[in-house]
Structures are given as structure tokens and as C-alpha cells.
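Undergrad:
Numbering (the working numbering), first residue to last: 952 to 1390.
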């Protein structure tokens, strides 16, 4: 069937059959479907949606567009997590080694930044020598020897998604629930997982700002994953402020190293990381209860085993052997730093989190086009959380920029993103609810 006919059917609100979806995705993979047709299809799905069967068919077609890994030779459960994206969300960098240190295997295939949100793969690329897109042999070696590997899609894993992902980023179709669902799950199914935990963000820094939309996405992900034969659960977590006190690439890697080694652990970041670790361990069958999972994850972190696992992973994938001991020696640093200072007295009552993410993109830490190159050194650190008390002149954040003019523009954006009020606000819940498959 001609791709334009499939686009027309979806444009007109028709339900697509598995053969139509498979034919279109095959064209995405082979290149016989043009970028314009991919964009038109994405927009048609954005406006008309897909039902569960369509989303399952699209997920499986995208999974089968390349290789599907088999980990049956590993002596333990294979599990992973995926976040729908936020600002200062570097959870994966700590979570994978924590869960691996508890006996699971975590072949984590991650993506690059989308819109205002950072991408795990972009963060790992900030580590000199780290092979973020290895061949399958090196990927398997890293998982077998260290228990985890954080990588990007190779040419052989879900190649249809890699192309669609890049086009969604620049065509205003990122927020489509079926497209998000198929994108996330096709990569995870291609990774050969036995279980998956989803971190669905909600708030002004998430793609889903409203609770009902985040719940709809979580239910879509859980139901489609279950329909595709994967054991799955989801946590809905808050994104009304940056999760870590850093936003950027190298700066978030440094924040993750500080977290693993105990030098600095942002409270909300720790809450979400350990909650997801406990969920993964329970889903993988390594613990019988969430409480036991929390205990084991906390012990893996506090004992240093998680940090050691991260260090081994970095080394096996080509990074420095002493990276976790000396991150400052290897991570790139921006040439300009500028402190953003409060202009009023009171409490931080709100943060326009999306604007913080866009400020990082404006610094060169994200993309406006698929082929844009990222400056890994730029970003924002020292982000003061909601509830903090400030006086005029106190630092709200530190800008890391490539030039004074870029720093000043970012500082203005960050300052306007902060709201200062007279009363201390109630703390938002970091973990809001748990979603399981129906039935």
C-alpha cells in the first residue's frame, strides 16, 4: 500500500490494520517513506490517536525493524526502566548500577534529548572515550561483565524508531501518547527485557503537564507493554521543578557521580531513584516486597557497590578507569560561569521547569534540529529547590556557558523562571502513584 494512502486513512480517523502499520514502518526503515511522509503520519497520529491494538502493532513493527536481543544465557533477570523525560533527570545513571549491584542485568538503551528535556545518551557522551553506541558484541560484554550498560540505539536495534524519534523532535509531535508509547516500548522490547518499570513524569517540566494526561500515558504504556508480552509497571513522579540541582550534560554526569559516591544527593532525586530501584527489583523477582527492594537498593548505594558498578561500566565501554574518582579531570567545563541572584526576599514557591530546560537548549546543551551538535560543557548547576528561603543577592543557580552573552541570556531566563513568595509552600510528592496492568 502507498504510504500516502496509509497517512490519509489515519488523517481521516480510520483504524489502521497491523499490515498497514507494518508496511509503513518497513518504509520508514528502508527509506522508501520520505521525511515529509513520516512527519505527516506523526501529525495524523497526534491528532487522531491510536487504539491499543494499533499501538501494539506499531510497537511490534518498530521492534522488528531490526535485531531483537536474547539474554537467555545470563544467570539473572533482565530488567530496565524508562523515563518519559524531564529536566535534571539523570536517574538512569544511578539507577542502572544500583539495580545491577543487587543482582539484576540492566541493558539500558536510552535516547537523546527531546524538546526541552535532556537525553541520557547525550549525558553519557560527555564522558571522554565512552562508547555510547557500541556494536552488539561490546554491548553484551559490558552487560555480562558489569551487570549494566547505558547505551544508545545501534543501527541494528529498532532503526525505525531512531528515524521517527528524530523527526518527532522537530515537528511538534513529541507529546503524542501512541508515538511516545511505541517509541519507548519498541526499544525496550528490542533489548530483550523480561520486565520494565516506567517513570512517567507529570508537571510543568514534563511533556504531560496535567495529571490526567500523565495517567493516560502511563496506562497506555502499561497496557501496550502488557499486550506485547512484557511484565511492566509504572510510577508517576513529579516534575514541577528540576529533579536534580543540575541541568545539562556534563554537569548532570558530575551530579550523578556525586550521588553515587555520597558527596551530594539531592533529596527528590534520591526519593525517585530509590523508589524506581525498589520497583525494578520487585518486578524482576529479586525481592518479595517493595520494602525489601528499598532496603536492598539503599544498601547497594551506601556500601559503594553501585558506584563501583558504574565505574566498571564506564571503563568497559571505553571511558577512563578512574572516572568516578576524578570526574573533574575528564568532564568538559564551560568557559563562562555566571551566578543568577535572587531579586526578592521570601521562599521559592514555583519554578517554570520547562523554561529551565529551554535555557539549557539555548546554551547549546540541546537541539533545535536533529543534526545539531551539542556542547556537553554547558548547563546550569546549584538550582535552588521549591521551598528554599532566599534574600536579595542569594544565588538561585550557576550558569555554565560558552560565552558571556549566552550566560546572560540564560541567566535572564532562569531568573524569570523562579517565583518568590512570602509563604513557604507545601512540598510536592516526588512519587505520586503506581500503575499496573488492568486485570
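All C-beta atoms, glycine included, are put in the ideal place defined by N, C-alpha and C. Computed from a predicted model, the values in this text were never measured in an experiment.
(1) Residue 1352 bridges to which residues according to DSSP?
(2) Please report how far the alpha carbon of residue 1311 lies from the alpha carbon of residue 1020, in whole angstroms.
(3) Quick one: grab the DSSP three-state call for residue 1068.
(4) Skipping 5 residues on each side, what residues in its chain have a beta carbon closer than 8 Å to that of residue 1355?
(5) Let me know the secondary structure DSSP gives residue 1202 once reduced to three states.
(6) Over the uninterrupted alpha helix (DSSP H) stretch that includes residue 965, give me the two end residues.
(7) Name the residue from 1062, 1054 and 983 whose alpha carbon lies nearest to the alpha carbon of residue 1036.
(8) Got a sec, what are the start and stop residues for the alpha helix (DSSP H) residue 1311 sits in?
(9) Take the Cβ of residue 1226 as the centre, count every other Cβ of all protein chains shown within 10 Å, and call the residue buried at 16 or more, exposed below.
(10) Taking the DSSP output, what are the residues bridged to residue 1332?
(11) Taking DSSP as the reference, what is the three-state secondary structure of residue 1087?
(12) Whose CA, out of 1058, 1208 and 1217, lies closest to the CA of residue 1141?
(13) What is the DSSP secondary structure of residue 1253, counted as helix, strand or coil?
(14) How many angstroms separate the CA atom of residue 1095 from the CA atom of residue 1362?
(15) Pull up the CB-CB distance for residue 1133 and residue 983, whole angstroms please, since I reckon it's below 8 Å.
(16) Return the first residue and the last residue of the alpha helix (DSSP H) that residue 1385 is part of.
(17) Please classify residue 1005: is it buried, with 16 or more other beta-carbons within 10 angstroms of its beta-carbon, or exposed?
(18) At 3 residues or longer, and completely inside the segment 969-1017: list those beta strand (DSSP E) runs for me, N to C.
(19) For the 8 Å Cβ check, are there 3 or more pairs between the segment 1233-1241 and the segment 1102-1112?
(20) Going by DSSP, which residues form a beta bridge with residue 1031?
(21) Just the Cα atoms here: how many angstroms apart are residue 1091 and residue 1101?
(22) Any chance the segment 1198-1218 sits against the segment 1359-1377, with 3 or more Cβ pairs inside 8 Å?
(23) On the DSSP letters alone, give me the boundaries of the alpha helix (DSSP H) that residue 1169 sits inside.
(24) So, are the CB atoms of residue 1330 and residue 1201 less than 8 Å apart?
(25) Within a Cβ cutoff of 6 Å, which residues of the same chain sit near residue 1007, ignoring the five residues on either side of it in sequence?
(26) Where does the unbroken alpha helix (DSSP H) through residue 1185 begin, and where does it stop?
(27) So, is residue 1041 buried or exposed, given that buried needs 16 or more other C-beta atoms within 10 angstroms?
(28) Going straight from the alpha carbon of residue 1185 to that of residue 1080, what length do you get?
(29) Mapping the DSSP letters down to three states, classify residue 1298 as helix, strand or coil.
(30) If you measure between the beta carbons of residue 1378 and residue 1045, is that distance less than 8 Å?
(31) With 16 other CB atoms within 10 Å as the buried threshold, where does residue 1192 fall?
(32) Under the assumption that residue 1308 contacts residue 1156 (Cβ atoms under 8 Å), give the Cβ distance between them as a whole number of angstroms.
(33) Which partner residues of residue 1371 appear in the DSSP bridge assignment?
(34) Can you tell me which of the three DSSP states residue 1238 falls into?
(35) Spatial neighbours of residue 1047 within its chain, please: C-beta separation below 6 Å, excluding the five flanking residues on both sides.
TA: A quick look at the data gives this:
(1) 1287
(2) 35 Å
(3) strand
(4) Here residue 1355 has 1287 and 1289 as same chain residues with Cβ atoms under 8 Å from its own Cβ, once five neighbours each way along the sequence are excluded.
(5) helix
(6) Careful: residue 965 lies outside any alpha helix (DSSP H) and carries neither H nor E.
(7) Checking every option, the nearest Cα to that of residue 1036 belongs to 1062.
(8) Note, residue 1311: alpha helix (DSSP H), 1304-1311.
(9) buried
(10) 1349
(11) helix
(12) 1058
(13) helix
(14) 44 Å
(15) Wrong, their Cβ atoms sit about 20 Å apart, outside the cutoff.
(16) No alpha helix (DSSP H) holds residue 1385; the beta strand (DSSP E) holding it covers 1382-1386.
(17) buried
(18) none
(19) no
(20) 1147
(21) 11 Å
(22) no
(23) 1162-1178
(24) Contact: yes.
(25) For residue 1007, where only same-chain residues beyond five positions count, the Cβ hits under 6 Å are 1175, 1178 and 1179.
(26) Segment 1182-1189 is the beta strand (DSSP E) holding residue 1185; no alpha helix (DSSP H) there.
(27) buried
(28) 34 Å
(29) Correct three-state label for residue 1298: strand.
(30) no
(31) Under this definition residue 1192 is a buried residue.
(32) Contact between residue 1308 and residue 1156 is confirmed by a C-beta separation of about 6 Å, below the 8 Å threshold.
(33) 1299
(34) coil
(35) 1057, 1059, 1099 and 1101
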